[in-house]
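Chains A and B, in that order, give the protein sequences.
Heads up: take any position in the first sequence, counting from 1, add 27, and you land on the working numbering.
Heads up: take any position in the second sequence, counting from 1, add 15, and you land on the working numbering.
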Amino acid sequence: MKVYVINGPNINLLGTREPEIYGYETLDDISKKCIEIGKKKGIDVQFMQSNFEGELVGWIQDAIKNKIDAIVINAAAYTHTSIAIHDAFKSFSGYKIELHISNPHLRESFRHVTYVAPAADAVVAGLGTDGYSHVIDLLLDLPIKVN
Amino acid sequence: MKNKLLILNGPGLSDLSVYDEFYGQISLKLIEEKCLGVCNELDIEMDFRQTDDENELFSYLLKDSEGFDAVIINPVGYSHALTAEFARYRLAIKTMTLQKKPVTEVHIANIFKQGSDITKPLQVPEGEMGFVSGLGVYSYVLAINAIHKKLNKAT
Numbered sequence: 028m029k030v031y032v033i034n035g036p037n038i039n040l041l042g043t044r045e046p047e048i049y050g051y052e053t054l055d056d057i058s059k060k061c062i063e064i065g066k067k068k069g070i071d072v073q074f075m076q077s078n079f080e081g082e083l084v085g086w087i088q089d090a091i092k093n094k095i096d097a098i099v100i101n102a103a104a105y106t107h108t109s110i111a112i113h114d115a116f117k118s119f120s121g122y123k124i125e126l127h128i129s130n131p132h133l134r135e136s137f138r139h140v141t142y143v144a145p146a147a148d149a150v151v152a153g154l155g156t157d158g159y160s161h162v163i164d165l166l167l168d169l170p171i172k173v174n
Numbered sequence: 016m017k018n019k020l021l022i023l024n025g026p027g028l029s030d031l032s033v034y035d036e037f038y039g040q041i042s043l044k045l046i047e048e049k050c051l052g053v054c055n056e057l058d059i060e061m062d063f064r065q066t067d068d069e070n071e072l073f074s075y076l077l078k079d080s081e082g083f084d085a086v087i088i089n090p091v092g093y094s095h096a097l098t099a100e101f102a103r104y105r106l107a108i109k110t111m112t113l114q115k116k117p118v119t120e121v122h123i124a125n126i127f128k129q130g131s132d133i134t135k136p137l138q139v140p141e142g143e144m145g146f147v148s149g150l151g152v153y154s155y156v157l158a159i160n161a162i163h164k165k166l167n168k169a170t
């Protein structure tokens, strides 16, 4: 199984940006942990991060082209604004999980709208940076069609 | 001492046949068995309940939850309940989160998908709450794994 874990704007600041909300783990810590879990389970996990909306759209399109089996996306602030990500996500026919470190629905009202979730199969939020590894840990149990 | 986990299922969850199309044949019994298996593996004591009575659900949440280290709740459409009901509900969740007890909201289906009649998650004003929606029975499993990790980190 091949999985892209796509991360949006400011996720590169993890560990230093408002750690009381996002925790002290860096994106590098998280990706190492997930890749490690993936190795044990035979899942090819690829992490990516960009602050640019178009680059995130490009990676979703790459996932279609490269026949990736699942996408885990933390579109961060673009979650609440990006119809382009919504459209790209819809075109990807593999398994789709929207992930957030905090729970956007417990925060400012401008974070309550999500354009990503209606195009996703599942949403995981509010479990801290551990949310990523919990998701990777369960992937083989989910009804994911492997290309 | 074993961690104690309360899993609450709200009104309507006694019949899960509406989910068959996406999640295969699932039943509350099957979810309970799956949760019990995971809890046994992680050495967690589980209490799994379902009620169609909103008052009873509220009482479980506000009173009974005192004896537990963590709560998982599938509120179904409770987030669309009347304002007065919802305020009581938020109070109960807030009480737990302020005690630093992990609370996670779970849903079998993705509640944001078009056509779903539950359109918004619970909103509590303070504290933190996990949210897992759309993984079928594995929404519960992921929530249990996350709670286990969190409780073991804290001690």
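From the three backbone atoms N, C-alpha and C, an ideal C-beta is built for every residue, glycine too.
Identity of the residue in A:137, A:34 and A:140 nearest residue 77 of chain A by Cα: Answer by Cα proximity: A:34.
Range of the contiguous beta strand (DSSP E) that encloses residue 31 of chain A: Note, residue 31 of chain A: beta strand (DSSP E), 29 to 34.
Complete runs of the alpha helix (DSSP H) confined to the segment 56 to 118 of chain B [at least 4 residues]: Counting whole runs of 4 or more residues, the segment 56 to 118 of chain B contains the alpha helix (DSSP H) stretches 69 to 77 and 98 to 113.
Whole-Å CB distance - residue 125 of chain B paired with residue 148 of chain A, under 8 Å assumed: About 6 Å separates the beta carbon of residue 125 of chain B from that of residue 148 of chain A, a gap short enough to meet the 8 Å contact definition.
Own chain residues within Cβ distance below 6 Å of residue 61 of chain A, not counting five before or after: Taken in chain order, the residues that qualify are 72, 159, 160 and 163.
Assigned exposure category for residue 106 of chain A - 16 Cβ within 10 Å defines buried: Classified as buried, residue 106 of chain A has 16 or more neighbouring CB atoms from the shown chains inside 10 Å of its CB.
Distance between beta carbons of residue 103 of chain B and residue 73 of chain B, contact taken as under 8 Å: Residue 73 of chain B to residue 103 of chain B, Cβ: 6 Å. Contact.
Beta carbon of residue 118 of chain B nearer than 8 Å to that of residue 152 of chain B: Cβ distance not < 8 Å, so residue 118 of chain B and residue 152 of chain B don't count as in contact.
Near-chain A residues of the segment 41 to 56 of chain B - C-beta to any C-beta below 8 Å: Taking 8 Å as the Cβ-Cβ cut-off, the segment 41 to 56 of chain B has no residue approaching chain A.
Residue 79 of chain B versus residue 48 of chain B - alpha carbon distance: About 22 Å.
Cutoff 8 Å: residue 145 of chain A Cβ touching any chain B Cβ: Interface residue, yes.
is_contact[residue 132 of chain A, chain B] using C-beta, thresh 8 Å: For residue 132 of chain A, the closest Cβ of chain B is nearer than 8 Å.
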